Amino acid sequence: MLVSNTESGQGGGVAESVTAEAPGLVLPRLDPTRPAGSQIFVALKMAILRMDLPPGCALSESDLGTRFGASRTPVREALAQLRDAGLVTTLPSRGNFVTRLNEDKIREARFLREALEVANVSHLASKGLTAEAAAGIEITLAAQAAAIEAGDDLAFQDADDDFHLALARATGFPRAAHVLEHEKMQLDRLRVLSLRDRGHLGELLAEHRAILAAIRGRDGPRAVAAALTHMRSILGVLSTLVDRHADYFDRPAAPAPLGA
């Protein structure tokens, strides 16, 4: 069974597990012609990043094997990949848990992503966009607007990802999009929480449009300023989200007793 457990925060002590069948979690059927481990990894990664498997949720190897119709070997392979990605932690004699959100890691990921995003837009403002790249970016903005209209925050998240990846690919540097995808994982779960605010979605779309307008105008300083405003907005909601969803975040270690 998938279980929600409060013990995986650092220094937070151990509490009783609370049964939680992870409502909304849909696990896909495995394609028998492809390696099972990689398919399980992708499915669990998406479930974690979209908060279908919330921070602190315990991941039972046997239960996952049953639900995927796979042996424990590919499940263990997938969990090892998730550990490498920082999305799962393994506690001795306790099992595997979805890692909790961590403020320091979020700030670090935002710092790294900001550096890359600023470099991307600065380069594009200088180099210019091809007609094909511009059209592709416009499609992502239209998809974001449609998602807001439909009240579909997950569709907005997908279109948001597509926007930033389209900018990265437009630079002509193949690794730019790959590095961006890797670094944004620390921010994705936080973003799921913030996207539940409909007003915030509209602000994000407006920021995206401002970035594209500056790039099209070949105005490097304005493009960089728009990208910085956009990237730093995540820190503006961080403290609010920590207060609102404290159970999802690492807890500070308890101070050591006097004389210890």
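Position in the sequence shown counted from 1, then plus 9, gives you our numbering. Think of the CB as a built atom: it goes at the ideal place given N, C-alpha and C, for glycine as much as any other residue. Only a predicted model underlies this, so the values are computations on that prediction, with no experimental measurement involved.
Check the C-beta distance from residue i over to residue j and give it rounded, since I have them as a contact under 8 Å.
i	j	result
VAL107	VAL97	6 Å
ALA142	ALA179	4 Å
ASN105	LEU68	4 Å
ALA5	GLY46	Residue 5 lies beyond the stretch modelled for the chain, which goes from 10 to 269, so this question has no answer here.
Between residue i and residue j, what straight-line distance do the alpha-carbon atoms span, to the nearest angstrom?
i	j	result
LEU34	VAL51	14 Å
VAL12	LYS136	With a pLDDT of 49 at VAL12, under the threshold of 50, the modelled position of that residue is not reliable, and no figure is offered here.
LYS114	LEU189	15 Å
VAL201	ASP170	12 Å
ASP252	ALA140	44 Å
PRO101	HIS191	27 Å
PHE182	ALA128	11 Å
ALA185	ARG103	38 Å
Relative to the C-alpha of residue i, which residue among the options is closest?
i	options	result
VAL246	LEU110, HIS209, PHE172, ASP167	HIS209
LEU237	ARG178, VAL130, ALA175	VAL130
LEU174	ALA124, MET60, THR149	THR149
ALA255	SER47, ARG59, GLY65	GLY65
ILE220	SER71, LEU91, THR180, LEU133	LEU133
LEU213	SER242, SER71, ALA56, LEU138	SER242
GLU70	ALA89, ALA56, MET60	ALA89
GLY145	ILE49, SER102, ALA168, HIS187	ALA168
LYS193	MET55, ARG103, PRO44, ARG218	MET55
LEU163	ARG43, MET60, PRO44	MET60
ARG218	GLN48, GLU147, ALA234, ARG43	GLU147
I'd like to check one pair, residue j with residue i: are the Cβ atoms closer than 8 Å?
i	j	result
LEU62	LEU53	yes
ALA215	ILE224	no
MET240	GLU126	yes
LEU58	ARG227	no
GLU176	ARG122	The residue you asked about is not Glu; residue 176 is Leu in the sequence shown. No, Cβ-Cβ distance for LEU176 and ARG122 is not below 8 Å.
SER203	LEU250	yes
LEU82	ARG92	Just to set this straight, residue 82 is Thr in the shown sequence, not Leu. Their beta carbons are not under 8 Å apart, which means THR82 does not touch ARG92 by this criterion.
GLY229	ILE157	no
Is the region 152 to 159 close to the region 240 to 259, with three or more CB pairs under 8 Å?
-> no
Check whether the region 36 to 56 touches the region 70 to 84, taking contact to mean three or more Cβ pairs, one atom from each stretch, closer than 8 Å.
-> yes
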